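First the structure, in the form of structure tokens, and then the observations on it.
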Amino acid sequence: MSKKQEGFRKNLLTKIHIHNRYKEIKENGCWEEWLELRYGCDSARFLSISELKEVLDVFNDRVQDRDYVLRDIWGRAQLGVNKNKFSTKAQRLKIIALCKQEGFDEKGMCSFVYRQIKKHISGFAALYMLERDEASKVIVGLEKVSEWRAERERYANNVDFKA
Numbered sequence: 001m002s003k004k005q006e007g008f009r010k011n012l013l014t015k016i017h018i019h020n021r022y023k024e025i026k027e028n029g030c031w032e033e034w035l036e037l038r039y040g041c042d043s044a045r046f047l048s049i050s051e052l053k054e055v056l057d058v059f060n061d062r063v064q065d066r067d068y069v070l071r072d073i074w075g076r077a078q079l080g081v082n083k084n085k086f087s088t089k090a091q092r093l094k095i096i097a098l099c100k101q102e103g104f105d106e107k108g109m110c111s112f113v114y115r116q117i118k119k120h121i122s123g124f125a126a127l128y129m130l131e132r133d134e135a136s137k138v139i140v141g142l143e144k145v146s147e148w149r150a151e152r153e154r155y156a157n158n159v160d161f162k163a
């Protein structure tokens, strides 16, 4: 993201945070839920420029508000907000591969991730929102599940095993 884009993005964030509609939503304690419902994140710092413009348009009644999640994945990838903190592509691919190996679908993977790190994600596409240490914890957990299942199968298939 260029310096000009960063300045524009900061300007949009400022306009949102001083808007009366934002203050009203924040005062009611619903800002995080409002963002989660529409953009799948709990902070405006994760929104792309196009999403920030849409928030301002909704606040100014230029665009009709919606009640479903729509993400600008490519715009968010360009943000660079704490870029070093987010999971790497290798981590995301490893999580997906281990989930497929263990037979987890998206819902199963989401519930496993919640059990491991107490963070809600909405599917394989949302793995990029995990931080590096969180992704590492999920990978370690999935590897332990794999080891446990392999050990269980080894004993189940061993005719000489006496319990």
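Yeah, the sequence shown ends on 163 if you go by full-length UniProt numbering, and it's all consecutive. Glycine residues also receive a C-beta, built at the ideal position from the N, C-alpha and C atoms. From a predicted model like this one, the values you see are computed outputs, not experimental measurements.
Three-way DSSP call (helix, strand, coil) for residue i in this model
| i | result |
| --- | --- |
| PHE86 | strand |
| CYS99 | helix |
| ARG115 | helix |
| ASP72 | coil |
| MET1 | coil |
| ARG38 | helix |
| GLY29 | coil |
| ASN60 | coil |
| LEU47 | coil |
| PHE8 | helix |
| HIS19 | coil |
| ARG92 | helix |
Classification of residue i by the beta-carbon crowding that lies within 10 angstroms, buried from 16 upward
| i | result |
| --- | --- |
| SER146 | exposed |
| GLN5 | exposed |
| ILE18 | exposed |
| CYS99 | buried |
| ARG92 | buried |
| ARG154 | exposed |
| ARG132 | exposed |
| ARG71 | buried |
| GLU33 | exposed |
| CYS110 | buried |
Nearest-angstrom Cβ-Cβ length linking residue i and residue j, presumed shorter than 8 angstroms
| i | j | result |
| --- | --- | --- |
| VAL63 | LEU37 | That pair is no contact at about 15 angstroms. |
| ALA126 | GLY40 | 7 angstroms |
| GLY75 | ILE49 | 6 angstroms |
| LYS89 | ILE139 | Contact doesn't hold; Cβ gap of about 13 angstroms is too wide. |
| GLU151 | GLY123 | That belief does not hold up - the Cβ atoms of GLU151 and GLY123 are roughly 30 angstroms apart, past 8 angstroms. |
Beta carbon of residue i nearer than 8 angstroms to that of residue j
| i | j | result |
| --- | --- | --- |
| ASP65 | VAL58 | yes |
| TYR114 | PHE86 | no |
| LEU52 | ARG21 | no |
| LYS26 | LEU56 | no |
| LEU142 | GLU102 | yes |
Residue ranges of each alpha helix (DSSP H) run of no fewer than 4 residues wholly in the segment 117 to 163, ordered along the chain? 132 to 156
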